[in-house]
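Each residue of the sequence shown is one higher than the last, beginning at 36 in our numbering. Worksheet: the structure to be examined is printed underneath.
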Amino acid sequence: MDLLAFNIKDAFEGEKFKTALSWLPDHEHSSVTRFKYERDQHLALTSLLLRRHYFSQRLQVPWPSLQFDRLPKGKPILKNEEIDFNISHEGSWVIFGATKERGLQIGVDTVIIDRPKSISIDEFIKSFLAQLTQQELELIKSNQDQELQLRTFYELWACKESYIKAIGVGLSLDLSKLDFRNENDQVHVCLFLDGKDLTSWTFHLSSLDKDTIAVVCYGSPDQQTNSTVQLAFNTKLLAKEPLHTITKTAFDQLNYQELKNNKWIVAQLQT
């Protein structure tokens, strides 16, 4: 699989935003400009840029020839290609993931550890009891440090979201049916659905920065591949101290200049 990350902080200063927007086809501009706040516009812009940047290079085609759509429940797809991909953004980060093997699915999710202001961490976690399993709650409470409890909650939440995004079911799946846990204290995260171990799915947890978690869900409903096994050996365990350096081995972080240097944009500007 391929994993990309982009930090929007200071990325689109001055004329860079207008220039980058011009790289997109006209019909996609409103998906960016409809947002009121600059940060949201930059996140939306980056999401659209990353997918065209990636697929134009992988398929060796001009940006205008790439056509995207959505499945009935909202998952984005690339038309006429059997390549699964997914995008997530939060804070100042946008992450992108794409499969390299047919039949495999991918979901990515990024979350910021948002510390509750008006209630305690314990009360905050209790407000989500309906979406957590008893085992997950015990995992959260296994640490005395409340900051680590909060981080573990967000790790679990991002795992659930990444799986839902991978299978493309939107919000129709009861989150309490998903039970995440560490397996024998090894570098692997297990997913249990209604008590059944779904071994064909692999999850990778990492930190984009000290407050931002990224989770990659990769696999298929009925097969396990070498790619999913390899991914598992590089993950951070749930409820353990964060390993900030892991991101470097998982995500290829891009910047504005690297996007601008994509030779396939030229065809867009000449149309």
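Virtual Cβ for every residue (Gly too), placed ideally from N, Cα, C. Remember, it's a predicted structure, so these values are computed and weren't measured experimentally.
Query raised in the report: Is the segment 95-108 in contact with the segment 71-81, if contact means three or more CB pairs nearer than 8 angstroms?
Result: Not touching, per the Cβ criterion.
Requested in this report: Compute the Euclidean distance between the alpha carbons of Leu210 and Leu226, then round it to the nearest angstrom.
Outcome: Going from the Cα of Leu210 to the Cα of Leu226 covers about 12 angstroms.
Requested in this report: With DSSP as the reference, label Lys245 as helix, strand or coil.
Outcome: Note: Lys245 maps to coil in three-state DSSP.
Query raised in the report: Is DSSP giving Lys44 helix, strand or coil here?
Result: coil
Query raised in the report: For the beta strand (DSSP E) that contains Arg216, what are its first and last residues?
Result: Leu213 to Asn217
Requested in this report: May I have the straight-line CA-CA distance separating Lys53 from Pro60, to the nearest angstrom?
Outcome: 13 angstroms
Query raised in the report: Quick one, are the C-beta atoms of Ile248 and Ala193 less than 8 angstroms apart?
Result: yes
Query raised in the report: Using DSSP with H/G/I as helix, E/B as strand and the rest coil, what is Thr145?
Result: strand
Requested in this report: Could you name the residues of the same chain whose beta carbon sits closer than 8 angstroms to that of Ser365, not counting the 5 residues immediately before and after it, in chain order?
Outcome: Only positions 36 to 306 of the chain appear in the structure, and residue 365 is not among them; the question remains open.
Query raised in the report: Out of curiosity, what's the CA-to-CA distance linking Gln221 and Leu289?
Result: Low per-residue confidence applies at Gln221: pLDDT is 48, beneath 50, and the placement is therefore not dependable, though the value from the model is reported in the following sentence. Approximately 31 angstroms, taken between the alpha carbons.
Report task. Alpha carbon to alpha carbon, how far is Glu50 from Ala40? Give it in angstroms, no decimals. Result -> 22 angstroms
Query raised in the report: Taking Cβ to Cβ, would you say Lys216 is nearer than 8 angstroms to Leu185?
Result: Just to set this straight, residue 216 is Arg in the shown sequence, not Lys. No, the pair does not count as a contact, with Cβ atoms beyond the cut-off.
Query raised in the report: Going by the CB atoms, is the gap between Ser241 and Asp139 shorter than 8 angstroms?
Result: It should be noted that the sequence gives Leu, not Asp, for residue 139. When the beta-carbon positions are compared, Leu139 and Ser241 stay at least 8 angstroms from each other.
Query - Same chain, Cβ closer than 6 angstroms to Asp119, neighbours up to 5 away in sequence not counted - result: Within its own chain, the residues whose Cβ lies closer than 6 angstroms to the Cβ of Asp119, once the five positions on either side in sequence are excluded, are Thr134, Gln140 and Ile141, listed in chain order.
Query - Coil, strand or helix - Arg137 by DSSP - result: coil
Query raised in the report: From Leu38, Gln92 and Asn42, pick the residue whose C-alpha is nearest to that of Lys298; which is it?
Result: Per the Cα distances, Gln92.
Requested in this report: Find the nearest neighbour of Arg137 within the set Glu117, Leu113 and Val143, judged by alpha-carbon distance.
Outcome: Glu117
Requested in this report: Give the DSSP-derived three-state secondary structure of Ile156 in the structure shown.
Outcome: helix
Query raised in the report: Leaving out the 5 sequence neighbours to the left and right, which residues in its chain are closer than 7 angstroms to Leu228 when beta-carbon positions are compared?
Result: Excluding its 5 nearest sequence neighbours in each direction, Leu228 has C-beta neighbours in its own chain below 7 angstroms: Lys212 and Leu213, listed in chain order.
Query raised in the report: Helix or strand or just coil, what does DSSP make of Glu73?
Result: Reduced to three states, the DSSP call for Glu73 is helix.
Query raised in the report: For Tyr189 versus Trp236, is the C-beta distance shorter than 8 angstroms?
Result: no
Query raised in the report: Near Val143, what residues of its chain come up, given a Cβ to Cβ distance below 8 angstroms and the 5 sequence neighbours on each side ignored?
Result: Leu38, Asn121, Ile122, Ser123, Ile130, Phe131, Gly132, Ser197, Lys200, Ala249, Val250, Val251 and Cys252
Query raised in the report: Which class does Lys231 belong to by DSSP, given the choice of helix, strand or coil?
Result: Reduced to three states, the DSSP call for Lys231 is strand.
Report task. For the beta strand (DSSP E) holding Glu125, just list the boundary residues, first then last. Result -> First-last of the beta strand (DSSP E) with Glu125: Phe120 to Glu125.
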